Amino acid sequence: MQQEKGMTIKEFLKTQQISKAALADIKFKGGKILVNEKEENVRYTLKEGDQLVVSFPPELPSSGLIPEQILLNIVFEDEYLLIVQKEYGMNTIPSREHPSGSLANALVGYYQKQGIEATTHIVTRLDRDTSGLVLIAKHRHIHHLLSEQQKGGDVKRKYLAFAEGQISPLAATINEPIGRCSDSIIKREVRKDGQSAITQYRVLAQDKHLSLVELSLETGRTHQIRVHLAYQGHPLLGDDLYGGKRDWINRQALHCFYLKFTHPVTKQSITFTVDLPDDMKRLEQKLKKSEESI
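Under my numbering, residues 263 to 556 are what the sequence shown spells out, in order.
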């Protein structure tokens with residue numbers, strides 16, 4: 263450890279973005295700090311040639327999170343993280359209305375089956391009826407590192423959506439603040455006293471009834487895409503909460519198809535893309551046929 267010699271372990275771990283909370287867990291909940299296979303505390307001063315190993319304590323899911331054996335569509339997995347393609351109709355975490363069947367329930371069931379000592383650390387959440395890629399950390403420290411990336415805008419996601427009508431202009435940035443509706447705990451709206459919300463979009467295809475849109479977010483407000491497109495007069499198909507019709511699809515036609523981030527351990531740039539689910543593929547085919555007939 264030539265570059266780190268003269269630093270205390272505490273100083274070095276700070277450069278590795280290990281939080282104070284993680285250090286407290288290591289100290290009080292069963293973790294270990296080993297230097298040359300001997301246990302040391304964080305005041306130890308590192309010398310050239312030292313081998314430092316930090317072991318985090320095992321994690322247990324909360325007693326209220328029931329493990330469930332639900333098949334997961336795992337796109338990528340290593341010892342640090344998971345990427346899952348979530349189906350629509352599944353909550354990311356349990357709610358009062360849907361206390362079971364969530365992605366979190368499925369994850370603790372999967373961890374239990376695989377003998378993985380971890381609880382759920384979901385980095386990127388999706389609404390119940392939004393499908394697509396979800397990034398999950400297996401450990402608290404990895405969650406912390408990915409969350410820091412997310413705060414810095416370095417976790418990139420792109421979505422595909424089907425919106426009502428012809429959208430004009432074909433590409434633009436929607437910059438309108440979003441807040442909770444005064445008469446609802448669920449619904450959001452564009453309002454002056456809301457939080458900053460920025461959505462970029464471009465239309466990929468359209469006819470007089472329907473637009474296929476690619477979107478990316480600069481902010482992460484609840485229901486942001488749904489609210490912004492409805493505000494523009496083009497609600498998502500199937501999104502009856504914000505005025506979308508359910509003639510062609512029975513949920514909001516929104517899918518997270520693209521995910522890019524830097525692996526927190528290997529430091530490699532990772533990109534994943536997935537296809538549209540079947541219900542949205544049918545809309546795509548409908549749009550193609552309509553375009554061909556014009």
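Glycine is no exception: its CB is placed at the ideal position from the N, C-alpha and C atoms. Since we're looking at a predicted model, the values are computed, not measured.
(message) Please identify the residue among SER458, THR435, ILE448 whose C-alpha is closest to the C-alpha of ARG464.
(response) Translated into the one-based positions of the sequence shown, residue 464 becomes position 202. Out of SER458, THR435, ILE448, THR435 has the C-alpha closest to the C-alpha of ARG464.
(request) Check whether the Cβ of HIS405 lies closer than 8 Å to any Cβ atom in chain C. (result) This model lacks chain C altogether, as it is built from one protein chain only.
(request) Identify every residue that forms a DSSP beta bridge with GLU574. (result) Residue 574 lies beyond the residue range present for the chain, which begins at 263 and ends at 556; the question has no answer from this structure.
(request) Using beta-carbon positions only, say whether PRO323 and VAL396 come within less than 8 Å of one another. (result) Locating residue 323 in the sequence shown gives position 61, counting from the first residue. Locating residue 396 in the sequence shown gives position 134, counting from the first residue. Not in contact: PRO323 and VAL396 (Cβ atoms no closer than 8 Å).
(message) Please report the distance separating the alpha-carbon of SER364 from that of VAL346.
(response) Translated into the one-based positions of the sequence shown, residue 364 becomes position 102. Translated into the one-based positions of the sequence shown, residue 346 becomes position 84. When rounded, the distance between both Cα atoms is 13 Å.
(message) For a test of the three-state rule: what should DSSP assign to VAL417, helix, strand or coil?
(response) As a working mapping, residue 417 is identified with position 155 in the sequence shown. In the structure shown, VAL417 sits in coil (DSSP, three-state: anything other than H, G, I, E or B).
(request) Measure the Cβ-Cβ separation of LEU521 and LEU474 and say whether it is below 8 Å. (result) On the sequence shown, position 259 is the one that residue 521 refers to. On the sequence shown, position 212 is the one that residue 474 refers to. Going by C-beta atoms, LEU521 is not nearer than 8 Å to LEU474.
(request) Classify LEU277 as helix, strand or coil using the three-state DSSP reduction. (result) In the sequence shown, the residue the question calls residue 277 occupies position 15. Here residue 277 turns out to be Thr, not Leu, going by the sequence shown. Correct three-state label for THR277: helix.
(request) Could you pull out every residue in the same chain whose Cβ sits closer than 6 Å to the Cβ of ALA425, ignoring the five residues on either side in sequence? (result) Looking up residue 425 in the sequence shown gives position 163. Same-chain partners within the cutoff: SER473, VAL475, LEU491, HIS496, LEU498.
(request) May I have the straight-line CA-CA distance separating SER555 from ASP540, to the nearest angstrom? (result) Within the sequence shown, the letter at position 293 stands for residue 555. Within the sequence shown, the letter at position 278 stands for residue 540. Any reading at SER555 must be qualified, since the residue scores a pLDDT of 48, below 50, and its modelled position is unreliable; no value is offered.
(message) Considering only heavy atoms of the ligand COA, does any lie closer than 7 Å to the CB of GLY371?
(response) Although the ligand COA was asked about, the structure shown includes no ligands whatsoever.
(request) Report the partner residues of GLN347 according to the DSSP bridge assignment. (result) Translated into positions along the sequence shown, residue 347 becomes position 85. BP columns for GLN347 point to LEU395.
(request) Please list, in chain order, all residues of the same chain as VAL316 whose beta carbon is under 6 Å from its beta carbon, the five residues on each side excluded. (result) Looking up residue 316 in the sequence shown gives position 54. Contacts found: ILE295.
(message) For GLU349 and ALA283, I'd like the C-alpha separation in whole angstroms.
(response) If you number the sequence shown from 1, residue 349 lands on position 87. If you number the sequence shown from 1, residue 283 lands on position 21. If I take the Cα positions, the gap works out to 33 Å.
(message) Between the alpha carbons of HIS401 and PRO439, how many angstroms are there, rounded?
(response) Within the sequence shown, numbered from 1, the residue matching residue 401 stands at position 139. Within the sequence shown, numbered from 1, the residue matching residue 439 stands at position 177. If I take the Cα positions, the gap works out to 34 Å.
(request) Assign GLN292 to buried or exposed, taking buried as 16 or more other Cβ atoms, counted over all protein chains shown, within 10 Å of its Cβ. (result) Working through the sequence shown from its first residue, we reach residue 292 at position 30. Sequence check: residue 292 is Gly here, not Gln. The residue in question, GLY292, is exposed, as its Cβ has fewer than 16 Cβ neighbours within 10 Å.
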